[in-house]
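So the structure is just underneath, and the comments pick up after that.
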Amino acid sequence: MTEQGFLNRFEEFVESNWDRILGELSQLIGIPSVSAKNQSISECANFLKSLLESYGFSVSFLESPTGTPAVYAEKKGGPTSILLYNHYDVQPPEPLEEWETDPFQLVERDGLLFGRGVSDNKGEIIARLAAVDCVEKVLGELPVTVKWLIEGEEEVGSPGIPEIVSRNKKLFKGVLGCMWEGGDIDRNGPNLYLGVKGMLYVELTLRTAKADAHSMYAPIIENAAEKLLKIIRMIKDERGRVKVPGFYESVAKPTEAEKKLMKGLRKSAREYAESLGVERLAVESSKVAEKLVYEPTCNIAGLYSGYTGPGSKTIVPSTATVKIDFRLVPNQDPLKLLKNLEKILPREVDVKVYTVSYPARTSPENPLVKAAVEAAAHVYRKRPSVLPNMAGTGPLYHFVKAGIPTAMLSALAHPGSKLHAPNENIYREHFIKSILHHALIFTKVGGRA
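In structure tokens:
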């Protein structure tokens, strides 16, 4: 049977089972599993365990050093195994007054599905489950073995993932690859990503006196805000060049295959500007993709000092704080960067580390990647944009380090999905296509198409 023949039968299955699929998504959205508040986490994990078992998965909870249960499910099928990664925790819904619907009630309106987690990441969980069921029912068998890890701490930095992966390597041994959450879709079509940037997120605090002083003493004492600005310029110059020793030394150069992928980027500089709400970008149009994908960055994420309330208050600030995130590319080491950063900082600067995450990237020649790209071309009727990595960060490194090729090979979120914000949503059409895309991937990897 051709790919289109399979898709026709998959579409019929989704249509005839739509009420059940939507009902399961509604149930999952209805559980307010907010990891930042440790709210309904066990409830959601238990719900998923029961749901997956009802579809023939063997399910267990993997021990996490934090105590938050990670759901591990496995369904035997064909000889080739693939690993799926998702998370069942969501962001807090606040500010509640900005929601047009109940955040924990699935609402369909004007072709959109609304609810906290529908885009990030519960919608994809149900889409993947529906795809497994669809393929098994339509083909009469599951052509691949599906292994599935669904954690409950992604929205708070996945603190348990490193140990979960290292403790359970035997479970993941021999998989063709891991389909991470994510990927997205815009008016140009689906966008798939073969990796992520790494990150070092630090907070630097400087204290120059025991307390703020009257500004009449400005000529004779140090101003913490002014001194911190000078320190920032020791880290990053006015042109944006990072001055930390060794920062650029190990940056990996793009391979020929990766350069070829970049030519498929369809999003224009104008589209980026529109989606980000700016009149123009800070770089030349021809360099947008290169900078987003290949260039490591140093970003001032927050800066505060002195009096910031209404009206005036004449003081010399005694403390100043800056929050900085460094986004890193393959071969850069966040811990090495931290050591080199600390070497150039004055002793009176206090350094607090929030995030240490390594970059990761998977080859475009991986068979799972190829199957996902080919399947997307059939489902969306246009070849997807495939980038070596996204500009953001995630814990993919721990899977890649364990020898598991890992990439974001599906598309559900769109530019207006409002991830982490009120009125989170996805298109009903995109949800259906995600089911079809996953179903065709499973079929192709299993050698049936």
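Using the numbering used here, you'd call the opening residue of the sequence shown number 59 and step up by one each time.
All C-beta atoms in this analysis are idealised placements derived from N, C-alpha and C, irrespective of residue type, glycine included.
These numbers come from a predicted model, not from an experiment.
- Message: Can you check which of these residues, I293, I87, G461, is closest to G235 by C-alpha distance?
- Response: On the sequence shown, position 177 is the one that residue 235 refers to. Checked all of I293, I87, G461; the closest Cα to G235 is G461.
- Task: Find out if the Cβ-Cβ distance for the pair L252, S139 is shorter than 9 Å.
- Result: Along the sequence shown, one-based indexing puts residue 252 at 194. Along the sequence shown, one-based indexing puts residue 139 at 81. Their beta carbons are not under 9 Å apart, which means L252 does not touch S139 by this criterion.
- Roughly how many angstroms lie between the CA atoms of S122 and I222, to the nearest whole one? The residue labelled residue 122 in the question sits at position 64 within the sequence shown. The residue labelled residue 222 in the question sits at position 164 within the sequence shown. Spanning the two alpha carbons is a distance of roughly 6 Å.
- Item | P153 classed as buried or exposed, judged by whether at least 16 other C-beta atoms fall within 10 angstroms | Within the sequence shown, the letter at position 95 stands for residue 153. Counting Cβ neighbours within 10 Å, P153 comes out exposed, since fewer than 16 surround it.
- Message: Please list the terminal residues of the continuous beta strand (DSSP E) segment that includes F172.
- Response: Walking along the sequence shown from the start, residue 172 turns up at place 114. Residues 170–172.
- Query: Are there 16 or more other CB atoms within 10 angstroms of the CB of R338, so buried, or fewer, so exposed?
  - Reply: Here the question's residue 338 lines up with position 280 in the sequence shown. R338 should be labelled exposed.
- Residue burial classification, E73 (beta-carbon count within 10 angstroms, cutoff 16): Sequence index remark: in the sequence shown, residue 73 carries index 15 (1-based). With fewer than 16 other beta carbons inside 10 angstroms of its own, E73 counts as exposed.
- Query: Less than 8 Å between the CB of G125 and some heavy atom of the ligand MG, yes or no?
  - Reply: With respect to the ligand MG, the structure offers nothing, as it holds no ligand at all.
- Item | Residue burial classification, M466 (beta-carbon count within 10 angstroms, cutoff 16) | Within the sequence shown, the letter at position 408 stands for residue 466. The residue is buried, with at least 16 neighbouring Cβ atoms inside 10 Å.
- Could you work out which residue in V148, F489, I490, K428 is closest to D178 when comparing CA atoms only? Walking along the sequence shown from the start, residue 178 turns up at place 120. Among V148, F489, I490, K428, the Cα nearest to that of D178 belongs to V148.
- Message: Excluding the 5 residues flanking V196 on each side, which residues of the same chain have their C-beta closer than 7 Å to its C-beta?
- Response: Residue numbering aside, residue 196 sits at position 138 when the sequence shown is read from its first letter. Correct list, in chain order: R67, F68, F71.
- Query: Would the stretch 168–183 and the stretch 466–475 be scored as touching if the rule is three or more Cβ pairs under 8 Å?
  - Reply: Result yes; three or more Cβ-Cβ pairs closer than 8 Å.
- Residue range of the beta strand (DSSP E) that includes H145: Within the sequence shown, the letter at position 87 stands for residue 145. From DSSP, the beta strand (DSSP E) with H145 extends over 139–145.
- Task: May I have a chain-ordered list of the beta strand (DSSP E) segments no shorter than 3 residues that lie completely inside the stretch 220–284?
- Result: Segments of the beta strand (DSSP E) lying fully in the stretch 220–284: 236–238, 242–244, 247–251, 256–265.
- Terminal residues of the alpha helix (DSSP H) in which V444 lies: Numbered from 1 along the sequence shown, position 386 holds the residue referred to as residue 444. Looking at the DSSP string, V444 is not in any alpha helix (DSSP H); the run it does join, the beta strand (DSSP E), is 443–445.
- Item | beta strand (DSSP E) segment containing K410, residue limits | Within the sequence shown, residue 410 is the residue found at index 352, counting from 1. 407–415 is the extent of the beta strand (DSSP E) around K410.
- Could you check how far apart the C-beta atoms of L142 and V204 are, in whole angstroms? I think they sit under 8 Å. Looking up residue 142 in the sequence shown gives position 84. Looking up residue 204 in the sequence shown gives position 146. So it is a contact: roughly 7 Å between Cβ atoms.
- Is it right to say R419 is buried, meaning 16 or more other beta carbons lie within 10 angstroms of its own, or is it exposed? Indexing the sequence shown from 1 puts residue 419 at position 361. By the neighbour-count rule (16 or more Cβ atoms within 10 Å), R419 is buried.
- Measure the Cβ-Cβ separation of A378 and T263 and say whether it is below 9 Å. Here residue 378 is taken as the residue at index 320 of the sequence shown, counted from 1. Here residue 263 is taken as the residue at index 205 of the sequence shown, counted from 1. At a Cβ-Cβ threshold of 9 Å, A378 and T263 count as neighbours.
- Query: Unbroken alpha helix (DSSP H) runs of length 4 or more, entirely within the stretch 335–411: which are they?
  - Reply: If we require 4 residues or more, the alpha helix (DSSP H) runs fully inside the stretch 335–411 come out as 346–352, 392–402.
- Query: Is it true that the CB of Y416 sits closer than 9 Å to the CB of Y455?
  - Reply: By one-based count along the sequence shown, residue 455 stands at place 397. By one-based count along the sequence shown, residue 416 stands at place 358. Yes.
- Cβ-based neighbour list, E156, same chain, cut-off 6 Å, excluding 5 preceding and 5 following: On the sequence shown, position 98 is the one that residue 156 refers to. Correct list, in chain order: P480.
- Task: Helix, strand or coil for I79, going by three-state DSSP, please let me know.
- Result: Position 21 of the sequence shown, counted from the start, is the residue given in the question as residue 79. Three-state result, I79: helix.
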